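Quick notes on the structure that follows.
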Amino acid sequence: MLELEHGFRVVDVYARLTPDGETVLDHRPRISPDRLEREMHQAGITRAVVFPPSQTKTSYLGPNNGVARHSVDRPFVAFARINGTHWPDRTPTGRLHNAVTSRKEYHTTPEDIERYAYDDRFHGFVLDPATDNYPDDDVLAMLEDVGLPVIVQGGSDAPPKSLADTLLDRSFPVIVAHFGGHPLDRSRMHEMIDLLATDDDCYIETSFVRYRDVLERAILEHPDRVFFGSGVPACHPNVALMETLTLDVSEDMFWRVFSKNACRVIDALAPNAQVS
Numbered sequence: 317m318l319e320l321e322h323g324f325r326v327v328d329v330y331a332r333l334t335p336d337g338e339t340v341l342d343h344r345p346r347i348s349p350d351r352l353e354r355e356m357h358q359a360g361i362t363r364a365v366v367f368p369p370s371q372t373k374t375s376y377l378g379p380n381n382g383v384a385r386h387s388v389d390r391p392f393v394a395f396a397r398i399n400g401t402h403w404p405d406r407t408p409t410g411r412l413h414n415a416v417t418s419r420k421e422y423h424t425t426p427e428d429i430e431r432y433a434y435d436d437r438f439h440g441f442v443l444d445p446a447t448d449n450y451p452d453d454d455v456l457a458m459l460e461d462v463g464l465p466v467i468v469q470g471g472s473d474a475p476p477k478s479l480a481d482t483l484l485d486r487s488f489p490v491i492v493a494h495f496g497g498h499p500l501d502r503s504r505m506h507e508m509i510d511l512l513a514t515d516d517d518c519y520i521e522t523s524f525v526r527y528r529d530v531l532e533r534a535i536l537e538h539p540d541r542v543f544f545g546s547g548v549p550a551c552h553p554n555v556a557l558m559e560t561l562t563l564d565v566s567e568d569m570f571w572r573v574f575s576k577n578a579c580r581v582i583d584a585l586a587p588n589a590q591v592s
C-alpha cells in the first residue's frame, strides 16, 4: 500500500505481534516484526503498543518475552499479556466459581505482575476476559500497586457492566479496546462511552469501531479519553487511520486522539521516551 501523508504524530495502542514459534487461535492472521514495522511506516505511525495473542490455558511468560525481544531497536512498546481465574460475580454461578477456583500453574500471579512491572522491557498489561477470565483480588491489588495501564478487550464476553464491576473501580488506568463493543455492537459501544462520565481513569481505543457516529460522539464528548488503535494485523493500519481521518472533528481533537491522550497515560509512547 502507498504511504499515507497526514501531518500528525500518530501512536498506535493496539497491535498484536506473534513471536516466532507461537501458535495462533482461530486462524487469526500473523505478522512478522519486520512487516509490522514496515506497515507502521507506511501509515505514518511513529510508535505502537505490541502484545502477544491470547491463548487458552497457557502461561504467557514465553510469548511475552518473545514480544519484548522483538521490540528491541524497533518503535514497539511491549505490553505483557496476563490471565486470571475469576468470572464476573453478578450471578450466583459467578460467585460460586470464584469461591472454589484457584490458580493453576499457567495463571498470572502477583509475583509475575511485579516482575513485569519492574522489567524495563514492559510498559503495561493486556487482558482478554473472553479467553483468560479476570484476575483475582491479589493480582488486582498488585496491579494497583504498580500502577501501569491495562488494556482490556471489551465485547460480547466482556460487556461494559462486567468491566465496571471487575476493573474500572481500581486505581490503575484501564484502556477498553474496541470501545467495549466488539464485534460491531453499537449499543455496547454507546454504553461504554456513557461510563467515561463516571470513571475518571478509564479510556477507550478505536480499533474495529466502524461506526462514524460512535467515533465522533466519543471524541466530541470525551476528547481526552479516546486513543487511536489500528487492530493490526487483522486490519492494515492505513485503513484504520483513514477511517479516523475522515471524521468531522477539529484538528486539535485529531492530535489528541492520535498521540496526546495516549502519551499522557503510556509514558513510553512520548516523543522523547527511551524504549529499549
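Straight run, no breaks: the sequence shown in our numbering ends on number 592. Every residue, glycine too, gets a C-beta built ideally from N, C-alpha and C. Every value quoted in this text rests on a predicted model; they were computed, and no experiment measured them.
| Asked | Found |
| --- | --- |
| Can you find the residues in the same chain that come closer than 8 Å, C-beta to C-beta, to Pro475, ignoring five residues on each side of it along the sequence? | Gly496, Arg504, Glu507 |
| Using the rule of at least 16 other Cβ atoms within 10 Å of the residue's Cβ for burial, across every protein chain shown, is Pro345 buried or exposed? | exposed |
| If you scan the region 503–565 from start to end, which runs of the beta strand (DSSP E) of 3 or more residues do you find wholly inside it? | 518–521 |
| Just checking, does the region 457–475 make contact with the region 431–446 on the three C-beta pairs under 8 Å criterion? | yes |
| I'd like to know whether the C-beta atoms of Arg486 and Val530 end up nearer to each other than 8 Å. | no |
| Just to confirm my understanding: we take Arg572, look at its own chain, exclude 5 residues before and 5 after, and list those with CB closer than 7 Å. What are they? | Pro539, Asp540 |
| By the DSSP assignment, the alpha helix (DSSP H) with Ala578 in it spans what residues? | 577–581 |
| Just to confirm my understanding: we take Arg385, look at its own chain, exclude 5 residues before and 5 after, and list those with CB closer than 8 Å. What are they? | Pro335 |
| Run through DSSP, which three-state label would Gln590 get? | coil |
| In angstroms with no decimal places, state the Cα-to-Cα distance between Pro489 and Gly440. | 10 Å |
| From the DSSP output, which residues share a beta bridge with His402? | Tyr450 |
| Straight-line CA distance for Asp444 to His357? | 28 Å |
| Per DSSP, which one or two residues make a beta bridge with Asp328? | Ala364 |
| From the DSSP secondary-structure annotation, give me the bridge partner or partners of Ile467. | Val442, Ile491 |
| Using three-state DSSP, classify Val632 as helix, strand or coil. | Since the first and last residues shown for the chain are 317 and 592, residue 632 lies out of range. |
| DSSP three-state label for Gly410, please. | helix |
| I need the straight-line Cα distance from Leu479 to Gly470, nearest angstrom please. | 8 Å |
| Can you confirm whether the region 361–371 touches the region 322–331 when touching is taken to mean that 3 or more C-beta pairs between the two stretches lie within less than 8 Å? | yes |
| Gly545 and Val455 - do their beta-carbons sit closer together than 8 Å? | no |
| Between Thr562 and Ile535, what straight-line distance do the alpha-carbon atoms span, to the nearest angstrom? | 13 Å |
| Would you say Leu484 and Asp515 are within 8 Å of each other, going by their C-beta atoms? | yes |
| Could you check what DSSP says for Val455 in three-state terms: helix, strand or coil? | helix |
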